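Read the structure below first, then the notes.
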Amino acid sequence: MNLEPVIYIYPHPAVTTDIAAFTVKAGTLSLLLIQRNEEPFEGSWALPGGFLRVEYPNSDSRRTKQAGDQIDPSLSACASREAEEETGVAPERLEQFGAYGDQGRDPRGRVVTIGFCALVRHDDVRLKAASDARDARWFAVNKLPAPLAFDHDRIIKDALSHIRERAKADCDFILVLAPDEFVFDDYHALFEAVTGEPTDRANLHKRVHDARDPGRSPDRPTLNRYIIGKRLTVNGEKLRHRPPVLYRRPGGLGSATSDHPAGKA
């Protein structure tokens, strides 16, 4: 093995990942933020995130002592690790939505950050601030604290745009937020919460069920495949009106993690 030091003619920027984790809490789209416990921006609220763990250079004696679990094998692995370390939340699915490297965005030097977003069910997580986070909380996206650290206001704006466009394009995207069993009204409420705009129920029902809808591509999924029957009772009492269709939340929906933006190689 060649252990000769490699000299590069260009200086290397640091790389970080930032995670915009969203949930629907009491019918409101909310974002997970941490309160920083270290400089820069100590005490300010920010997205969870941190530095990509890489190998030390060949010429650095610490390389021989570096264990495999001290190196992030991918950007998404870094994002998952940082989110869990700082908040106790380990999102099942992460999607990359942007990269940010403007000069001056980080007072520590030239730092390029990769933005990832995730949807998580509020009831599935218990926040626990740790690592370099003083606190971790959910904030309604229309009531975020200000000012935020770094350029996280810009990153959050892009993350919001990403999840809203994804929700409109793919009916499966928001199902990670749904109860294990749900009716269409539950889906409709989640859709409006995520997209941030009122949506006609009948039109939405057609869009996510009818494969012949003119606005649907042939390979776009429909909700029909998740139908499991009818809801015949509520709280043990038999329904007198026409029972609503009952759906089952697909298992393993959030198993994919990608280092690339959705739809891109």
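Throughout, this note's numbering is defined as the position within the sequence shown, counted from one, plus 1. We treat Cβ as the ideally placed atom computed from N, Cα and C, and that holds for glycine. Remember, predicted model here, so these are calculated numbers, not experimental data.
Nearest to residue i by CA position, among the options, is which residue?
{"i": "Ala15", "options": "Gly105, Thr88, Gly69, Lys66", "result": "Gly105"}
{"i": "Leu161", "options": "His210, Ala22, Gly28", "result": "Ala22"}
{"i": "Glu39", "options": "Arg202, Asp133, Asp186, Tyr248", "result": "Asp133"}
{"i": "Thr29", "options": "Cys118, Glu198, Arg64, Asp154", "result": "Glu198"}
{"i": "Arg165", "options": "Asp201, Asp136, Cys118", "result": "Cys118"}
{"i": "His123", "options": "Arg138, Leu48, Ala130", "result": "Arg138"}
{"i": "Val142", "options": "Ile10, Gln97, Ile157, Ala131", "result": "Ile157"}
{"i": "Cys79", "options": "Leu95, Arg64, Thr65, Phe185", "result": "Leu95"}
{"i": "Asp152", "options": "Trp46, Arg213, Glu86", "result": "Trp46"}
{"i": "Leu191", "options": "Ala131, Asp125, Ala147, Leu120", "result": "Leu120"}
{"i": "Gly99", "options": "Arg250, Asp19, Gly44, Asp186", "result": "Asp19"}
{"i": "Ala27", "options": "Ala194, Asp186, Val235", "result": "Ala194"}
{"i": "Asp186", "options": "Phe174, Asp103, His206", "result": "His206"}
{"i": "Asn225", "options": "Gln67, Gly237, Tyr188, Thr234", "result": "Tyr188"}
{"i": "Leu233", "options": "Arg250, Arg208, Val184", "result": "Val184"}
Can you look up residue i in the DSSP assignment and give me helix, strand or coil?
{"i": "Gly89", "result": "coil"}
{"i": "Lys169", "result": "helix"}
{"i": "Phe183", "result": "strand"}
{"i": "Gln71", "result": "helix"}
{"i": "Pro12", "result": "coil"}
{"i": "Ala147", "result": "coil"}
{"i": "Phe1", "result": "Past the boundaries of the shown model lies residue 1; the chain is included only from 2 to 266, so the question cannot be answered."}
{"i": "Leu34", "result": "strand"}
{"i": "Phe42", "result": "coil"}
{"i": "Ala212", "result": "coil"}
{"i": "Arg135", "result": "strand"}
{"i": "Ala141", "result": "strand"}
{"i": "Ala47", "result": "strand"}
{"i": "Thr196", "result": "helix"}
{"i": "Asp159", "result": "helix"}
Going by DSSP, name the residue or residues bridged to residue i.
{"i": "Cys118", "result": "Ala21, Glu96"}
{"i": "Thr234", "result": "Lys239"}
{"i": "Val55", "result": "Val55 pairs with nothing; no bridge assigned."}
{"i": "Lys26", "result": "Thr29"}
{"i": "Ile228", "result": "Tyr248"}
{"i": "Val113", "result": "Val16"}
{"i": "Tyr101", "result": "Thr114"}
Rounded to whole angstroms, what's the CA-CA distance from residue i to residue j? Just pull it up for me.
{"i": "Gly264", "j": "Leu176", "result": "The pLDDT assigned to Gly264 is 44, lower than 50, so where the model puts this residue is not dependable; a value taken from the coordinates is nonetheless given after this. Roughly 19 angstroms between the two C-alpha positions."}
{"i": "Leu53", "j": "Leu240", "result": "54 angstroms"}
{"i": "Glu182", "j": "Pro245", "result": "12 angstroms"}
{"i": "Asp61", "j": "Val112", "result": "22 angstroms"}
{"i": "Asn59", "j": "Arg82", "result": "25 angstroms"}
{"i": "Leu33", "j": "Gly110", "result": "26 angstroms"}
{"i": "Gln71", "j": "Val55", "result": "8 angstroms"}
{"i": "Ser259", "j": "Glu93", "result": "Only weak support exists for where Ser259 lies, its pLDDT of 48 falling under 50; the coordinates are left without a value."}
{"i": "Pro41", "j": "Asp73", "result": "23 angstroms"}
{"i": "Arg221", "j": "Thr24", "result": "24 angstroms"}
{"i": "Ala130", "j": "Gln36", "result": "9 angstroms"}
{"i": "Ile229", "j": "Leu149", "result": "44 angstroms"}
{"i": "Ser75", "j": "Tyr248", "result": "35 angstroms"}
{"i": "His163", "j": "Ala91", "result": "20 angstroms"}
{"i": "Arg64", "j": "Glu85", "result": "26 angstroms"}
{"i": "Arg213", "j": "Asp201", "result": "19 angstroms"}
{"i": "Gly50", "j": "Thr114", "result": "9 angstroms"}
{"i": "Ser31", "j": "Cys172", "result": "20 angstroms"}
What distance in whole Å lies between the Cβ atoms of residue j and residue i, which are believed to be in contact at a cut-off of 8 angstroms?
{"i": "Gly116", "j": "Tyr101", "result": "7 angstroms"}
{"i": "Thr196", "j": "Ala168", "result": "5 angstroms"}
{"i": "His242", "j": "Thr223", "result": "That belief does not hold up - the Cβ atoms of His242 and Thr223 are roughly 25 angstroms apart, past 8 angstroms."}
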